[in-house]
Amino acid sequence: MENNIFIRLWNVLAKNQLVWNGFKETLKITLIGCFIAFFLGLILGVLLYLFKIQKHYKRYWILNSLMNFFISTPFLILIVLLLKLILIPYFRMGYGFGTALFFLVLAIAPLFARHCEQVFLTTNPELYQTSFSLGATKFQFVTKFLLTETRSDIIFKLASLFITSLAYSSVLQIVGHQGIAAVAIDNGYNGHYDFDPFFTRFDLIIVSALLTFILTQTVYFLGNRIAFALDKR
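For the sequence shown, the numbering used here begins at 207 and goes up steadily by one.
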């Protein structure tokens, strides 16, 4: 076995495609999931905000309670619950990329909606009345006033959403998603295959963690730069 740990870590990437394949799968489901959850969460966040400032308390309570259910239920329990009650009996969905993507969006969209609502509530309370006094429609208020005022904060929350989705994606192995977490667990922690003389199973776990860390730092850096560039306040 190679004694130099840096050479062993390099061999994980150079001598084997397991980590790269897992990383690409994680990146794919995270990007697609965040893209869908961004728009769904933004719409839900706007609705929550409008219901609250317009004093539609019943509508707010219904939507807020529904989102709280998905946010508060442990992710693994939520997956098993919906698989048994809905997806398998009625849609024949129980395994594969589509099922994993569905659960990822279901977990992170309500979280992003809650973040958006909190951002919107930090705006000037008179912004709503001011926009209508200028003749703006409700759609124009959202697009020209609300989103313009909060766009930099939304980008910050989007970067956090990406990091959160990375954490949630590590659980999706239960429905067949073979991301980088599944590679680290199946071939590293629980693995029985010997990668000697190139690297050890623990080296594979280290590289998986390092790649995830680099991806996280990159997303945070880009998110911060874009948010600061958009912040005109």
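Beta carbons are placed, not taken as given, at the ideal position from N, Cα and C, and that holds for glycine.
Outcome for residue i when other beta-carbon atoms lying within 10 angstroms are tallied against a minimum of 16
i	result
F351	buried
L291	exposed
S414	buried
A220	exposed
I386	buried
N330	exposed
Of the residues the options, the one placed nearest residue i, counting alpha carbons only
i	options	result
W267	L219, D409, L250 and F281	L250
R214	L417, S371 and I412	I412
N210	L287, A342, F404 and V225	F404
I361	G341, G429 and L333	G429
P316	T356, L333, L293 and L253	L253
V381	L284, Y255 and Q260	L284
S376	L246, L233, A342 and F297	L233
Q260	V311, D437, L237 and K344	K344
A243	G341, Q423 and L312	L312
F408	F434, A390 and G239	A390
L237	L256, R265 and L310	L310
F257	T418, Y334 and G300	Y334
S278	L289, I314 and Y255	I314
Coil, strand or helix - residue i by DSSP
i	result
A342	coil
Q384	coil
S376	coil
D392	helix
M273	helix
P280	coil
L327	coil
T406	coil
N217	helix
D359	helix
V210	Checking the sequence shown, residue 210 turns out to be Asn, not Val. Residue state, collapsed to three classes: coil.
K230	helix
Between the CA atoms of residue j and residue i - distance to the nearest angstrom
i	j	result
T370	Q346	31 Å
L287	A388	22 Å
K363	H321	7 Å
L269	G394	42 Å
A365	A373	13 Å
G247	F212	42 Å
T424	I235	17 Å
F434	F427	11 Å
N227	R357	34 Å
L416	K230	15 Å
Near the ligand ATP: residue i beta-carbon under 7 Å from a heavy atom
i	result
Y374	Judged by which ligands are present, the structure shown has none, so any question about the ligand ATP falls away.
Quiz item: Is there contact between the segment 303-315 and the segment 397-404, where contact requires at least three CB pairs shorter than 8 Å?
Solution: no
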